[in-house]
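Student: Handing you a structure now.
Chains as they are written, first to last, in the UniProt record's numbering: chain Y, 1 to 424; chain C, 1 to 424.
In structure tokens form, the structure reads like this:
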């Protein structure tokens with residue numbers, strides 16, 4: 001028993017819009033525990049749509065259509081479905097009435113083309129659309145097959161799904177078993193390295209563990225199928241604990257946690273404050289930190305020292321060192337971190353200087369070379385050198401630089417916590 | 001003759017990610033004039049993937065796969081395709097070498113699981129991945145059928161498509177009748193206002209004009225179908241010119257232009273420089289400006305004055321004004337802009353102070369209230385007040401603030417140009 005999503009619309013085939021409806025429905029099906037193995041996108045073309053219905057109706061018991069319910073001539077979904085199953089279309093006076101009423105409310109007059117939206121396959125139930133004019137249907141064209149149709153407008157579709165489709169599916173016995181997931185997040189480690197460390201978990205039946213990676217971040221999704229969220233959590237908890245132990249400091253958080261939010265909580269917990277000095281990231285590190293509402297409790301601000309004159313004038317970087325070692329060097333990174341920390345009177349100063357490219361590199365300093373500086377309250381100043389690789393491009397190098405700066409501070413803050421390092 | 005897009009990944013079926021790859025490929029195929037009638041999403045499951053290949057290979061001549069090329073056991077796309085067509089997998093030493101080299105560059109060691117990525121179907125050509133480790137393939141498993149595989153990571157896929165797949169498809173005769181589009185971009189105006197102004201153009205047959213909007217930006221896509229790009233451009237040019245005249249200063253650029261790049265070119269052309277002072281955006285304005293390679297020619301840096309102490313200490317904001325009017329006020333915005341301009345010795349100083357929420361609002365200062373300050377070389381200081389609305393959320397309010405700051409500077413710079421205002 002499974003469901004299949006069929007999105008109808010030439011605008012999807014032209015790439016004019018992102019298929020957010022498929023993502024929404026996919027999440028909803030997972031939440032209800034309804035298996036779902038295929039999604040298909042097809043244009044506003046009756047012949048091809050019928051082909052898709054034929055294939056899908058052979059391998060799924062619930063077909064969910066979005067799109068093609070509007071009043072214009074290219075909106076063909078409902079009549080094509082009816083035609084495929086050999087059912088006549090019947091004009092529904094209750095729908096005519098509903099559309100007329102909505103038009104009056106908006107100070108408009110119903111047009112002839114809207115009458116088309118009142119034609120439903122004989123035997124289908126109306127799936128009401130409270131916010132728009134195009135109704136959907138819930139229909140069993142034959143035993144063991146249920147069809148839902150929704151308009152393509154996301155806000156209308158969400159409301160119809162929640163108000164009518166979900167209660168209907170629950171009345172049919174769905175939603176008794178749910179899928180609940182935790183996304184575990186890692187930084188400073190590759191996907192393949194994590195996958196090898198947790199290889200024993202990647203073949204578990206329930207919960208399942210699957211690795212992902214994007215833009216330097218590695219994730220493991222732990223998903224459990226159970227009768228309730230708390231039972232799913234009970235299945236996930238021991239696996240999550242073991243994976244965290246295996247990953248050590250490479251694990252940084254779960255679900256909505258970000259490196260910035262985790263660093264923020266550590267600073268808040270310690271009653272410490274942070275300032276930043278940014279060169280190649282140009283403000284990106286500050287932006288990440290201030291994405292968190294309430295970050296003003298521990299983040300005081302910083303200096304975007306894009307030009308060398310700002311490094312000297314506002315951060316007190318030594319101009320001889322700048323001339324001798326260049327702006328992208330460990331000594332300048334350290335002076336930037338120490339400078340912003342002392343000028344803003346914060347516990348920590350964190351700095352980034354590097355070559356984001358595609359230009360600005362030299363023979364000894366390739367694109368992707370980045371130094372991160374960290375100055376702490378005991379006068380200690382450290383720096384870290386990274387080679388992110390020229391091939392990764394300006395945007396990703398800047399993103400990796402900002403995240404890696406946060407990750408260095410995170411590891412430093414954790415190493416100071418008595419719970420992690422009892423000897424300190 | 002048509003192409004079909006097949007996206008492989010359980011994360012798509014679970015709704016964990018949006019299918020941006022399908023949209024990208026759909027647009028690209030449209031641009032090359034390659035017909036494309038179906039998109040399918042299927043999980044990391046060999047049996048189901050084979051079923052999809054069977055169906056797609058009967059109705060299309062070009063199959064484009066994304067996802068499932070990674071190093072982990074659930075990455076099965078390449079071996080499943082090979083298995084379906086009965087081809088053995090062969091380890092390619094050139095790929096092993098390439099992966100090893102990339103790992104060395106990043107200071108890491110290749111793991112055993114990466115070897116899997118070097119296994120390609122016998123007879124397949126490598127589709128090189130310059131930015132990641134997973135290569136794709138270009139393969140004719142039988143006459144009249146061409147297969148392309150790409151990793152699911154969007155940035156890697158885009159690069160591989162542009163560098164290798166497009167030249168290959170053109171060498172096969174595609175791209176002769178092309179669809180060419182220009183995306184015209186507007187700021188400071190609503191989608192419906194633009195759509196009403198250009199209503200006469202929205203029903204043209206060729207070129208077509210279609211409105212879009214997202215995150216405060218309004219766009220009009222002007223698309224022409226023609227035998228060549230230059231013929232398409234000839235169709236588009238007069239329409240584009242008329243639309244620009246209608247829109248006036250609300251039009252800011254086209255295609256890859258951003259507000260930051262347009263402001264940058266204006267500054268560069270005038271030989272002027274810019275510094276920024278950011279409160280609620282926390283570095284986001286500096287980040288936008290420095291997304292442009294070469295921005296160091298005109299952007300010197302700035303101060304992230306998140307805490308009031310930084311506004312006073314580093315920008316010279318008057319602490320009495322701060323106490324009397326609050327940090328979110330026109331007078332503080334103006335002092336921030338003037339302060340950063342004088343301390344960094346730039347032609348212009350641009351500042352942002354506002355309430356991004358969801359907390360921090362007061363009875364007189366709601367979430368979404370933002371002041372933008374602009375200080376110029378003649379000692380003139382201005383400020384602008386905006387109400388972005390609490391309902392739009394922290395992230396969007398910050399984005400709108402940074403873009404609107406750039407837009408104010410853009411309008412100011414344009415108003416100074418003799419070509420636009422001949423009286424000056």
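Every residue, glycine too, gets a C-beta built ideally from N, C-alpha and C.
1) Residues in the same chain with beta-carbon distance under 6 Å from residue 219 of chain Y, minus the five sequence neighbours each way, listed in chain order, please.
2) For residue 300 of chain C, return the contacting residues in chain Y, with the cut-off set at a CB-CB distance below 8 Å.
3) State whether the stretch 4-14 of chain C contacts the stretch 303-313 of chain Y, with contact taken as three or more CB pairs (one from each stretch) at a distance under 8 Å.
4) Go to residue 194 of chain C, then tell me how far its alpha helix (DSSP H) extends in each direction, as first and last residue.
5) Which parts of the stretch 211-256 of chain Y are runs of the beta strand (DSSP E), unbroken and 3 residues or longer, counting only runs that do not cross its ends?
6) Determine, using beta-carbon pairs with one atom in the stretch 147-158 of chain Y and one in the stretch 58-67 of chain Y, whether at least three such pairs fall under 8 Å.
7) Is the CB-CB distance between residue 46 of chain Y and residue 2 of chain Y below 8 Å?
8) What residues are listed by DSSP as bridge partners for residue 387 of chain C?
9) Within the 8 Å Cβ cut-off, does residue 371 of chain Y reach chain C?
10) Enumerated in chain order, which unbroken segments of the alpha helix (DSSP H) with a length of 4 residues or greater are wholly contained in the stretch 78-121 of chain Y?
11) Suppose you measure from the CA of residue 268 of chain C to the CA of residue 368 of chain C; what does that come to, to the nearest Å?
12) Counting along the chain, where does the beta strand (DSSP E) carrying residue 140 of chain Y start and finish?
13) Compare the C-alpha of residue 136 of chain Y against each of Y/158, Y/226, Y/73 and name the closest.
14) In chain Y, what lies closer than 9 Å to residue 395 of chain C by C-beta?
15) Kindly give me the distance between the Cβ atoms of residue 362 of chain Y and residue 336 of chain Y, rounded to whole angstroms, as I take these residues to be in contact under 8 Å.
16) Using the beta-carbon count (16 or more within 10 Å), is residue 479 of chain C buried or exposed?
17) Does DSSP classify residue 314 of chain C as helix, strand or coil?
18) For a test of the three-state rule: what should DSSP assign to residue 39 of chain C, helix, strand or coil?
19) At a Cβ threshold of 8 Å, is residue 350 of chain C touching chain Y?
20) Are residue 55 of chain C and residue 55 of chain Y close, meaning C-beta to C-beta below 8 Å?
21) Can you pull out the residues from the stretch 132-158 of chain C whose beta carbon lies closer than 7 Å to at least one beta carbon of chain Y?
22) Report the option in C/194, C/195, C/234 whose CA atom is closest to the CA atom of residue 206 of chain C.
23) In three-state DSSP terms, what is residue 404 of chain Y?
24) Per the contact definition of three or more C-beta pairs closer than 8 Å, is the stretch 319-337 of chain Y in contact with the stretch 374-383 of chain Y?
25) Is residue 41 of chain Y close to chain C? Criterion is C-beta to C-beta, closer than 8 Å.
26) To the nearest angstrom, report how far apart residue 93 of chain Y and residue 140 of chain Y are at their CA atoms.
27) For the beta strand (DSSP E) containing residue 126 of chain C, list its first residue and its last residue.
28) Express the C-alpha separation of residue 216 of chain C and residue 280 of chain C in angstroms, rounding to a whole number.
29) Considering residue 20 of chain C, what are the terminal residues of the beta strand (DSSP E) in which it resides?
30) In terms of DSSP beta bridges, what is residue 7 of chain C paired with?
31) Would DSSP call residue 51 of chain C helix, strand or coil?
32) Please confirm if residue 341 of chain Y has its CB atom under 8 Å from at least one CB of chain C.
33) Taking the alpha helix (DSSP H) that residue 322 of chain C belongs to, which residues open and close that run?
34) Residue 122 of chain Y: which of Y/90, Y/221, Y/43, Y/112 sits nearest, CA to CA?
35) Could you give the distance in angstroms between the alpha-carbon of residue 406 of chain C and the alpha-carbon of residue 239 of chain C?
36) Any C-beta of chain C sitting closer than 8 Å to the C-beta of residue 419 of chain Y?
Tutor: According to the structure shown:
1) Closer than 6 Å at the Cβ level, and outside the excluded window around residue 219 of chain Y, lie 183, 185, 212.
2) Near residue 300 of chain C (Cβ distances below 8 Å), the residues of chain Y are 306, 307, 309, 310.
3) Two segments are said to touch when three or more pairs of C-beta atoms, one from each, lie closer than 8 Å; by this definition the stretch 4-14 of chain C does not touch the stretch 303-313 of chain Y.
4) It spans 191-197 - the alpha helix (DSSP H) in which residue 194 of chain C sits, taken as one unbroken run.
5) With a minimum length of 3 residues, the continuous beta strand (DSSP E) runs that stay inside the stretch 211-256 of chain Y are 217-226, 251-254.
6) The answer is yes - the stretch 58-67 of chain Y touches the stretch 147-158 of chain Y, with three or more Cβ pairs under 8 Å.
7) The answer is no: Cβ separation not under 8 Å.
8) Beta-bridge pairing links residue 387 of chain C to C/369.
9) Closer than 8 Å: no.
10) Runs found: 93-105.
11) For residue 268 of chain C and residue 368 of chain C, the gap between their C-alpha atoms comes out near 32 Å.
12) Segment 136-142, the beta strand (DSSP E) holding residue 140 of chain Y.
13) The shortest C-alpha to C-alpha distance from residue 136 of chain Y to any of Y/158, Y/226, Y/73 is the one to Y/158.
14) Chain Y residues near residue 395 of chain C: 291.
15) Not really, about 20 Å apart at Cβ, beyond 8 Å.
16) Look at the range of chain C in this structure, 1 to 424, and you will see that residue 479 of chain C is not part of it.
17) In the three-state DSSP reduction, residue 314 of chain C falls in the helix class (H, G or I).
18) Correct three-state label for residue 39 of chain C: strand.
19) It does not: the Cβ of residue 350 of chain C has no partner Cβ on chain Y nearer than 8 Å.
20) Yes, Cβ-Cβ distance for residue 55 of chain C and residue 55 of chain Y is below 8 Å.
21) Residues 153, 155.
22) It is C/234.
23) Assigned with DSSP and collapsed to three states, residue 404 of chain Y falls in helix.
24) They touch, by the three-pair rule.
25) Output row for residue 41 of chain Y: interface = yes.
26) Our two residues, residue 93 of chain Y and residue 140 of chain Y, have alpha carbons roughly 21 Å apart in a direct line.
27) Start and end: 125-127.
28) Looking at the two C-alpha atoms, the distance is approximately 18 Å.
29) Note, residue 20 of chain C: premise wrong, no beta strand (DSSP E); alpha helix (DSSP H) at 20-32.
30) In the DSSP output, where bridge partners are listed per residue, residue 7 of chain C has C/41, C/66.
31) Looking at residue 51 of chain C - three-state DSSP - the assignment turns out to be helix.
32) No, because no Cβ of chain C sits closer than 8 Å to the Cβ of residue 341 of chain Y.
33) Taken as a continuous stretch (DSSP letters only), the alpha helix (DSSP H) holding residue 322 of chain C covers 319-325.
34) Taking only the C-alpha atoms, the option nearest residue 122 of chain Y is Y/90.
35) Going from the Cα of residue 406 of chain C to the Cα of residue 239 of chain C covers about 27 Å.
36) At residue 419 of chain Y, the pLDDT of 47 sits below 50, so the modelled position is not reliable; the number obtained from the coordinates is stated separately. So, not an interface residue.
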